[in-house]
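Taken in sequence, the protein lines are chains A and B.
First residue of the first sequence? That's 13 in our numbering, and the numbers climb one at a time after it.
First residue of the second sequence? That's 13 in our numbering, and the numbers climb one at a time after it.
One structure is given here, and the rest of the page talks about it.
Number of protein chains: 2
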Amino acid sequence: MGLLQTASNSPYGYQDPHLEVDFVRKYASLDSHRLVLTRKEYELLALLVENAGEIIPRHMLLMRVWGYSQEIRTRTLDVHVRRLRKKLGSYSDQYIETIFGIGYRFQPFRMTQRFSGVFQPIAMGA
Amino acid sequence: MGLLQTASNSPYGYQDPHLEVDFVRKYASLDSHRLVLTRKEYELLALLVENAGEIIPRHMLLMRVWGYSQEIRTRTLDVHVRRLRKKLGSYSDQYIETIFGIGYRFQPFRMTQRFSGVFQPIAMGA
DNA sequence: GTGGAGTTGTAAATGTTTTGTAAAAACCGG
DNA sequence: CCGGTTTTTACAAAACATTTACAACTCCAC
Chain A
13 MGLLQTASNS PYGYQDPHLE VDFVRKYASL DSHRLVLTRK EYELLALLVE NAGEIIPRHM
73 LLMRVWGYSQ EIRTRTLDVH VRRLRKKLGS YSDQYIETIF GIGYRFQPFR MTQRFSGVFQ
133 PIAMGA
Chain B
13 MGLLQTASNS PYGYQDPHLE VDFVRKYASL DSHRLVLTRK EYELLALLVE NAGEIIPRHM
73 LLMRVWGYSQ EIRTRTLDVH VRRLRKKLGS YSDQYIETIF GIGYRFQPFR MTQRFSGVFQ
133 PIAMGA
């Protein structure tokens with residue numbers, strides 16, 4: 013389909029030319045060097061990566077990683093995202109996107125800046 | 013009826029050769045590029061697109077998107093419409109029509125640019 | 001047609017909310 | 001305790017929303 017697929021994702025792990033996350037052994041590597049992540053940092057990354065390409069709302073992240081309920085307001089998430097980004101170095105912006113007013117999204121690595129141009133209907137009900 | 017129907021609309025999304033709006037995932041794309049819309053911008057667009065072809069009065073838009081009641085007068089709507097149009101680029105005029113004294117209308121894309129032009133005034137108050 | 005009241009378009013200023021960041025405090029297992 | 005981790009705090013910065021002020025436009029009465 014003319015799109016260079018450079019990232020693979022599965023229940024067992026995620027992999028692209030720079031980043032690798034092993035959901036089974038619970039660690040991540042950047043350019044073949046193991047990342048030293050704390051538990052929360054890893055869980056946050058894993059949750060984002062498992063849902064690569066999808067926006068995960070703050071409350072969902074706080075729920076899944078911290079066990080917090082909807083109404084809790086805290087900057088904890090942001091602080092952890094910051095530390096994660098720091099460890100992801102120069103790729104951080106490419107990988108972890110901020111969705112204003114909603115949450116965050118992990119964007120899988122792409123070689124080519126996708127420009128499909130083709131008009132292809134999305135599934136529209138029955 | 014000799015009119016090339018090129019746009020499809022459903023509870024799940026709207027699509028034509030240029031514009032696509034996914035009501036489920038809440039985003040829109042223009043020529044296959046995702047539009048970066050703020051929440052209000054998206055909600056405004058979605059409401060218009062969901063009722064494509066129909067005139068939506070100002071007070072209805074202000075009610076549905078902003079929660080404002082009838083009597084509130086504000087330019088907020090106009091400013092948002094402007095920003096939406098800007099992001100819709102060269103198609104903006106084609107898509108978002110101003111109905112003087114009443115509101116706005118999203119006009120679904122049509123291959124044959126049949127000049128509608130005519131506006132049948134609806135009953136204007138008693 | 002013309003004028004004028006009312007409506008919409010627009011840019012810029014202002015206000016509000018959300019996120020980023022550094023630093024300090026609290027926590028927690030060993 | 002001690003060192004690493006996590007959370008909180010406090011403020012800065014960014015994103016977004018609204019208001020303001022005025023220009024441009026539309027429509028209708030004349």
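The beta-carbon is built from N, C-alpha and C at its ideal position, and this holds for glycine as well.
If you're wondering where the values come from, they're calculated on a predicted model, not measured in any experiment.
Can you tell me whether A/Q119 is helix, strand or coil according to DSSP? coil
Which residues in the same chain have their Cβ closer than 7 Å to the Cβ of B/Q61, if we skip the five residues on either side of it in sequence? This sequence places Val at residue 61 of chain B; Gln is not what is there. If we look at B/V61 and ignore the five residues flanking it on each side, its Cβ neighbours are Y26, V33, F118.
Under 7 Å between C-beta atoms of A/I108 and A/R97: yes
Spatial distance of B/H45 from B/K38 (CA atoms): 14 Å
Would you kindly report the start and end of the unbroken alpha helix (DSSP H) that includes A/Q106? 104-107
Can you tell me whether A/Y24 is buried or exposed? The criterion is at least 16 other CB atoms within 10 Å of its CB, across all chains shown. exposed
Kindly indicate which residue of A/P29, A/M72, A/R95 has the alpha-carbon position closest to the one of A/E83. Checked all of A/P29, A/M72, A/R95; the closest Cα to A/E83 is A/M72.
In the DSSP assignment, the beta strand (DSSP E) including A/V33 goes from what residue to what residue? Following the DSSP letters along the chain, one finds A/V33 inside the beta strand (DSSP E) bounded by residues 31-34.
Which value, in whole angstroms, describes the spacing of the CA atoms of B/I68 and B/L59? 9 Å
Ignore the nearest five residues each way along the sequence and tell me which others in A/R70's own chain have a CB closer than 8 Å to its CB. L89, I114, G115, Y116
How would you call A/D28, buried or exposed, if buried means at least 16 neighbouring beta carbons within 10 angstroms? buried
Answer with buried or exposed for A/V93, where buried requires no fewer than 16 other C-beta atoms within 10 angstroms of its C-beta. buried
Where B/E66 falls, given that 16 or more other Cβ within 10 Å makes a residue buried: Note on B/E66: under 16 other CB atoms within 10 angstroms of its CB, so exposed under the neighbour-count rule.
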